[in-house]
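A short write-up of the structure that comes next.
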Amino acid sequence: MKDDKLATLEKTATSLLGDEKAGMVACDRPTGAGKVAWAGAASGASQVLAEHPLDVVKVRLQSRLAPFVGVQGPSQMLAATVQHEGALALFQGVTPRLFTYSFVKLSLFSLYEAIKPHTGGNAVAAGALAGGCNTLVACPQDLLKSQLQVLRVGSAPRWRAILEHTGWLLRVHGWRVLYRGWPSLVLRDTIGYGCLFHVFEAGKQQKTVPPWLASGLAGVAFYLTTMPIDRVKTVVMTQGQPAQSSWQVSVEILERDGVRGFYRGCTVTLLRTFVGQAVALTVYSMIEENRD
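In our numbering, the protein residues as written are 8 to 299.
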């Protein structure tokens, strides 16, 4: 009788310890929402590191600032930048972008995953809504990044020139300058991310398509559908004074250069986004697919 009672007590204790251990393991395991957040942050950081030098060339080509207007093509812009400013100029603006873009991507993917069930799993609708809403977070870092990428540093230390320019922007124009170009960014990201997530999700269904290729093509789809809007956005964000609206910039580009003017920097833009999105979406997909 005693042996039976001892056996019952041992079984109960084992069961309780097992439940407690399982609970501890479950607490240590990241939640689904945590995995989405981590995936978004990791994809943002990896994208910045992969694409930033190409992004500097892209933004300088697309801007209408005097030092860059006469430069023809990405190879000439790359050579001129390195020759006159050194290779470090290709990483100008990378630090603030690295610290902020992970949060931007975290926000984007979290919005996408939250909205998607309410659209019946429609990637286009979820991507478009997520992209448009996320511009509230994305616009300040995009404006600051673009301003720093076109900044030509003289003899002063690069870090000091960057800090001084950032301080000057906020001091002279106030915090509202961080949302200069927001209307064109909303339009670009609503259309672009609808296309990007559609191509990305479709590519994931094709087992014969490598994840990096599906991701890169998704990035290309983003800019193929929004290239004219992106050119206008870049001009608005990098322009001097007096500042022009997106509509005024669009009219001026059309009058000066015709339709081709909207596609200045197209080649390096597509290359940059293929590389960046191939890395970013592959990292996101790897982490997201391992969710428990």
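The beta carbon of each residue, even a glycine, is placed where N, CA and C say it ideally should be.
Short Cβ contact (8 Å threshold) for S292 with P190: What you label residue 292 is simply residue 285 of the sequence shown in a count that begins at 1. What you label residue 190 is simply residue 183 of the sequence shown in a count that begins at 1. The Cβ-Cβ distance between S292 and P190 does not fall below 8 Å.
For N141, which three-state DSSP category applies? The residue you call residue 141 lines up with position 134 of the sequence shown. Here N141 carries a helix assignment [DSSP, helix/strand/coil].
Start-end ranges of the alpha helix (DSSP H) lying completely within the region 170–234, minimum 4 residues: Runs of the alpha helix (DSSP H) inside the region 170–234: 189–212 and 218–231.
Rounded to the nearest angstrom, how far is the Cβ of T88 from that of L97, given a contact under 8 Å? Looking up residue 88 in the sequence shown gives position 81. Looking up residue 97 in the sequence shown gives position 90. The pair is a contact, with the Cβ atoms about 6 Å apart (cut-off 8 Å).
So what does DSSP say about P124, is it helix, strand or coil? The count along the sequence shown starts at 1 and reaches residue 124 at position 117. Looking at P124 - three-state DSSP - the assignment turns out to be helix.
I think Q284 touches G226, with their Cβ atoms under 8 Å apart; what is that distance to the nearest whole Å? The residue you call residue 284 lines up with position 277 of the sequence shown. The residue you call residue 226 lines up with position 219 of the sequence shown. The pair is a contact, with the Cβ atoms about 3 Å apart (cut-off 8 Å).
Coil, strand or helix - G100 by DSSP: Position 93 of the sequence shown, counting from 1, holds the residue named residue 100. It is coil, neither helix nor strand.
I need the straight-line Cα distance from A48 to R104, nearest angstrom please. The count along the sequence shown starts at 1 and reaches residue 48 at position 41. The count along the sequence shown starts at 1 and reaches residue 104 at position 97. For the pair A48 and R104, the Cα-to-Cα distance works out to about 12 Å.
In this structure, does DSSP put L288 in helix, strand or coil? Numbered from 1 along the sequence shown, position 281 holds the residue referred to as residue 288. Reduced to three states, the DSSP call for L288 is helix.
Taking the straight line between their C-alpha atoms, what separation do you get for A168 and R178? Start at 1 with the first residue of the sequence shown, and residue 168 comes out as number 161. Start at 1 with the first residue of the sequence shown, and residue 178 comes out as number 171. Going by the C-alpha atoms only, they are around 15 Å apart.
With 16 other CB atoms within 10 Å as the buried threshold, where does M31 fall? Counting from one through the sequence shown, the residue named residue 31 turns up at place 24. Residue placement at M31 is poorly supported in this model, since its pLDDT is 35, which falls under 50; the coordinates still yield a value, given next. Within a 10 Å sphere around the beta-carbon of M31 sit fewer than 16 other beta-carbons, which makes this residue exposed.
In whole angstroms, what separates the C-alpha of T276 from that of F204? Start at 1 with the first residue of the sequence shown, and residue 276 comes out as number 269. Start at 1 with the first residue of the sequence shown, and residue 204 comes out as number 197. Their Cα atoms are separated by approximately 18 Å.
Can you list, in chain order, the stretches of the beta strand (DSSP E) that have 3 or more residues and sit fully within the region 250–280? Listed in chain order, nothing qualifies, since the region 250–280 has no complete beta strand (DSSP E) run of 3 or more residues.
Within the same chain, show all residues whose beta-carbon is closer than 7 Å to that of V266, passing over the 5 residues directly before and after it, in chain order. Position 259 of the sequence shown, counted from the start, is the residue given in the question as residue 266. Same-chain partners within the cutoff: there are none.
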